[in-house]
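Asker: In this text, residue positions in the sequence shown follow full-length UniProt numbering: the first is 1, and each later residue adds one. Glycine is no exception: its CB is placed at the ideal position from the N, C-alpha and C atoms. Please read through the structure below; I'll follow up with questions.
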Amino acid sequence: MQLISKYGYNGELHKVTTEDGYILELHRITGPATSTDANEQKPVAFVMHGLTCNSAVFVTSGRENSLGKEKIT
């Protein structure tokens, strides 16, 4: 969550407990911190890292080289 803030985005953290007791941590990037239209319709992209990674792999390369920059904008 600190990385997305560093690159100027807002985010949400959600913890979900599965029926069998596992606790999952979900991260949602809601958009640029400078966004003026909270009701704007935006495309949704679900990305999931591999078993030995974490969500940082999608944002560590910076704002100009991220997955979102390549696929969504």
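1) Straight-line CA distance for R28 to D20?
2) Closer than 8 angstroms is the cut-off here; do at least three beta carbon pairs connect the stretch 47 to 65 with the stretch 5 to 18?
3) Just curious, the beta strand (DSSP E) that L26 is in, first and last residue?
4) Mapping DSSP to helix, strand and coil, what is K42?
5) Check the DSSP bridge columns for K15 and list the partner residues they point to.
6) Report, in whole angstroms, the separation of the C-beta atoms of T18 and L26, which I expect to be a contact under 8 angstroms.
Answerer: Concretely, from the data shown:
1) 23 angstroms
2) yes
3) 23 to 32
4) coil
5) E25
6) Not a contact, Cβ separation roughly 12 angstroms.
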